[in-house]
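Numbering (my numbering), first residue to last: 15 to 267.
Just so you know, even glycine gets a beta-carbon here, dropped at the ideal spot from N, CA and C.
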């Protein structure tokens, strides 16, 4: 199932997507199993971020080629950082370019959506039971601020720095097969990577995180970006596509 969140009758609503239409609606994700029919074109809906996380726990430098292009060593353990939920942005939403930055970068990524409370996942435990589905994330970054600060909270956690959507629950399984992650700027492909090139695969990431941090249903884990990150300017259109999930499109304000 592919799903979104949108505004219906003035309320946040979950919607099941088929093709380019929302065909069913419910007040919660769980309710989509017995949802009410609706027919609404996606491009006519007022979309919301499709997840409601207590935290957005990101993974840095999870592709060797990206670490190299930034002049960094490959990390020996997963490199984690947080974005606040206030960073979320819906598909089609406008990315804000703060006046304090001279370089605003795109970073297309596969995102994991947690489906069940996860703490201290065992070394032989199948992590699939903790995953609701997968989504597309753009880890928008004020690169100059990130470098100047040293730590990444301001450079990666500002408002609108986490465009996300849609979510699929069973169409893809990156634990079994590689997915293509591709980012385009104004129609020109800038990033092209494969999730098989992760330094730290998904089961390792989830075990590493939950060893010390409890994940709750709806929490979002962007898994890192491939090489090719680059700057965006006001008026640009950025698209992140992942096979089997769909397309995330946003403009820069």
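Rounded to the nearest whole angstrom, the C-alpha separation of residue 249 and residue 200 is 9 Å. In this structure the stretch 245-261 does not lie against the stretch 77-92, because fewer than three pairs of beta carbons, one per stretch, are closer than 8 Å.
Contact check for residue 126 and residue 232: beta-carbon distance about 11 Å, past the 8 Å limit, so the pair fails to qualify. The Cβ atoms of residue 123 and residue 153 lie closer than 8 Å to each other. For residue 132, the CB contacts under 6 Å within the same chain, skipping 5 residues up- and downstream, are 144, 224, 229 in chain order. Residue 192 sits exposed, since fewer than 16 C-beta atoms from the chains shown fall within 10 Å of its C-beta. Counting the other Cβ atoms within 10 Å of the Cβ of residue 19 gives 16 or more, which makes it buried. Only exposed fits residue 48, as fewer than 16 other CB atoms lie within 10 angstroms of its CB. A residue is called buried when at least 16 other Cβ atoms come within 10 angstroms of its Cβ; residue 65 meets this threshold and is buried.
Per the C-alpha coordinates, the member of 77, 24, 254 positioned closest to residue 238 is 77. For residue 182, the secondary structure class from DSSP, reduced to helix, strand or coil, is strand. By DSSP's assignment, residue 230 forms no beta bridge with any residue. For residue 99 against residue 70, the beta-carbon gap comes to about 7 Å, under 8 Å, which counts as contact. The DSSP-derived three-state label of residue 90 is coil. Cα atoms of residue 155 and residue 262: separation of roughly 17 Å, rounded to the nearest angstrom.
In this structure, DSSP gives residue 22 an extended state, which the three-state scheme calls strand. Looking at 46, 148, 53, 189, the one whose alpha-carbon comes closest to that of residue 211 is 189. In this model, residue 16 and residue 82 are separated by some 34 Å (Cα to Cα). The three-state reading of DSSP puts residue 154 in coil, since its state is none of H, G, I, E or B. Runs of alpha helix (DSSP H) with 4 or more residues, each lying fully within the stretch 60-111, are found at 78-83, listed in chain order.
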